[in-house]
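Asker: The structure that follows is given in the form of structure tokens.
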Amino acid sequence: MISLGIEGTAWSLSIGVVDEEDVILLESDPYVPKEGGIHPREAALHHSEKIGNLLNRVFSKINPEEIDVISFSQGPGMGPCLRIVATAARVLALRLKKPLVGVNHCLAHVEVGRWKTGAEDPIALYVSGGNSQIIAKRGSRYRVFGETLDIGLGNALDKLARYMGLKHPGGPKIEELARKGKEYYELPYVVKGMDFSFSGMVTSAQKLFDTGRRMEDIAFSFQETAFAMLAEVSERAMAYLDKDELLLVGGVGANSRLQEMLRVMCEDRNASFYAPPKHLMGDNGAMIAHLGLLMYRSGYRTSIEESTVKPNFRIEDVEVSW
Ligand code: ATP
Ligand code: FE2
Numbered sequence: 001m002i003s004l005g006i007e008g009t010a011w012s013l014s015i016g017v018v019d020e021e022d023v024i025l026l027e028s029d030p031y032v033p034k035e036g037g038i039h040p041r042e043a044a045l046h047h048s049e050k051i052g053n054l055l056n057r058v059f060s061k062i063n064p065e066e067i068d069v070i071s072f073s074q075g076p077g078m079g080p081c082l083r084i085v086a087t088a089a090r091v092l093a094l095r096l097k098k099p100l101v102g103v104n105h106c107l108a109h110v111e112v113g114r115w116k117t118g119a120e121d122p123i124a125l126y127v128s129g130g131n132s133q134i135i136a137k138r139g140s141r142y143r144v145f146g147e148t149l150d151i152g153l154g155n156a157l158d159k160l161a162r163y164m165g166l167k168h169p170g171g172p173k174i175e176e177l178a179r180k181g182k183e184y185y186e187l188p189y190v191v192k193g194m195d196f197s198f199s200g201m202v203t204s205a206q207k208l209f210d211t212g213r214r215m216e217d218i219a220f221s222f223q224e225t226a227f228a229m230l231a232e233v234s235e236r237a238m239a240y241l242d243k244d245e246l247l248l249v250g251g252v253g254a255n256s257r258l259q260e261m262l263r264v265m266c267e268d269r270n271a272s273f274y275a276p277p278k279h280l281m282g283d284n285g286a287m288i289a290h291l292g293l294l295m296y297r298s299g300y301r302t303s304i305e306e307s308t309v310k311p312n313f314r315i316e317d318v319e320v321s322w
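Those letters in the sequence shown? Residues 1 to 322, by UniProt numbering.
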């Protein structure tokens, strides 16, 4: 069975095609802001201008008749972007006479991680631009056991990078700089139970920059502090929920230092650490196609009437029947 998935909740416009075994193809045309962060309307304009060509690229490699289900990210995300994706998905489903499945973007990050690593019942640490959450399955739903009290870690990294004059996305640039950091400056370490916060850290790091500290040392201090917070809450969640697997997903998960710190923490407690390949960490169409396929096989269908966008869609809203 073959599923085509469309992702476009924010910066990434991406179409993936998967079957039960593997990713068959993945074509993307990301929106890169000329300056500043992501502007929802600009991103949506980009998606609407590029989606036709992207679909042509996909259909030059696979016959549309071979596709069994059209999957799309229904939320959470930026309203104007979600509407472009949902419209494209509806048109495709009607045109090709194929069933439609709207999926939750956060759940797609988790499920593609499980699929590509073999993690069975993990604590998922989901860290991206807009979201930073500790997730685990309880009964027939994934639940959020801890999350950021203000901004996602990716947004925090992007904001700090922008302040230091670096272009979006900042996460990979901070990672590069941090490798050359030597001096550690203390930053606000805010953990409350299994929740945490990053905005105070951003303000303090910006002050370090204003007082002329080296960018490399600021990036290093920021990463060490933020990642230690995430390692602490992940460990607490594993102990509290009695799980021995940790799965890292979301765009920030591509960071090698974060992976290293979590791996060491897991080794210390005889737990397994899992992270999917980098091209499936950040937003991508293959994760949407994969979750759409799982849902379709377990009976989910989204009618045209039900296919309206859900900008505040929560992972707990989805009954997991696969
Ligand atoms: P979501 O809707 O799930 O919040 P998103 O739109 O933020 O997703 P993702 O691709 O999941 O998109 O994550 C993008 C974020 O990941 C950006 O903030 C980016 O700076 C960050 N990022 C990417 N690579 C790295 C890296 N190597 N180290 C740290 N952060 C990274
Ligand atoms: Fe994402």
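For glycine and all other residues, C-beta sits at the position ideal for the given N, C-alpha and C. Because the structure is a prediction, the values reported are computed rather than measured.
1. Taking 6 angstroms as the cut-off, is the C-beta of Ser-128 nearer than that to any heavy atom in the ligand FE2?
2. Taking just the CA atoms, how far does Met-201 sit from Lys-310?
3. Where does Asp-158 land, buried or exposed, given buried means 16+ other C-beta within 10 angstroms?
4. Tell whether a beta-carbon distance below 7 angstroms holds between Glu-7 and Asn-284.
5. Can you tell me whether Leu-82 sits near the ligand ATP, meaning its C-beta is under 6 angstroms from at least one heavy atom of the ligand?
6. Would you mind working out which of Val-91, Ile-174, Asn-56 sits nearest Ser-303, comparing C-alpha positions?
7. Can you tell me which of the three DSSP states Lys-180 falls into?
8. Under the assumption that residue 327 contacts Glu-245 (Cβ atoms under 8 angstroms), give the Cβ distance between them as a whole number of angstroms.
9. With DSSP collapsed to three states, give me the class of Asn-56.
10. Report the rounded CA-to-CA distance for Leu-241 versus Val-110, giving the unit in angstroms.
11. List the whole-angstrom C-beta distance separating Val-249 from Val-191, where the pair is believed to meet the contact cut-off of C-beta under 8 angstroms.
12. For the alpha helix (DSSP H) that contains Gly-200, what are its first and last residues?
13. Nearest to Arg-314 by alpha carbon, out of Ala-136, Val-85, Trp-11, Arg-143?
Answerer: According to the structure data:
1. Residue mapping note: residue 128 aligns to position 128 of the sequence shown, counting from 1. Checking every heavy atom of the ligand FE2 against the Cβ of Ser-128, one is found closer than 6 angstroms.
2. Start at 1 with the first residue of the sequence shown, and residue 310 comes out as number 310. Start at 1 with the first residue of the sequence shown, and residue 201 comes out as number 201. Their Cα atoms are separated by approximately 31 angstroms.
3. Position 158 of the sequence shown holds residue 158. Buried: at least 16 other Cβ atoms inside 10 Å.
4. Against the sequence shown, residue 7 aligns to sequence position 7. Against the sequence shown, residue 284 aligns to sequence position 284. Yes, the Cβ-Cβ distance between Glu-7 and Asn-284 is below 7 angstroms.
5. As a working mapping, residue 82 is identified with position 82 in the sequence shown. No - the ligand ATP has no heavy atom lying nearer than 6 angstroms to the Cβ of Leu-82.
6. Locating residue 303 in the sequence shown gives position 303, counting from the first residue. Of Val-91, Ile-174, Asn-56, the residue nearest in Cα terms is Val-91.
7. Residue mapping note: residue 180 aligns to position 180 of the sequence shown, counting from 1. Coil at Lys-180, not helix or strand.
8. Residue coverage of the chain in this structure runs from 1 to 322, which leaves residue 327 outside it and unanswerable.
9. On the sequence shown, position 56 is the one that residue 56 refers to. Of the three classes helix, strand and coil, the one that applies to Asn-56 here is helix, per DSSP.
10. By 1-based counting over the sequence shown, the position of residue 241 is 241. By 1-based counting over the sequence shown, the position of residue 110 is 110. Cα to Cα, the separation comes out at about 17 angstroms.
11. The residue labelled residue 249 in the question sits at position 249 within the sequence shown. The residue labelled residue 191 in the question sits at position 191 within the sequence shown. In fact, because the Cβ distance is near 20 angstroms, the residues do not count as touching under 8 angstroms.
12. Here residue 200 corresponds to residue number 200 of the sequence shown, with the count starting at 1. Unbroken alpha helix (DSSP H) run through Gly-200: 199-210.
13. The sequence position of residue 314 within the sequence shown is 314, counting from 1. Ranking the options by Cα distance to Arg-314, first place goes to Arg-143.
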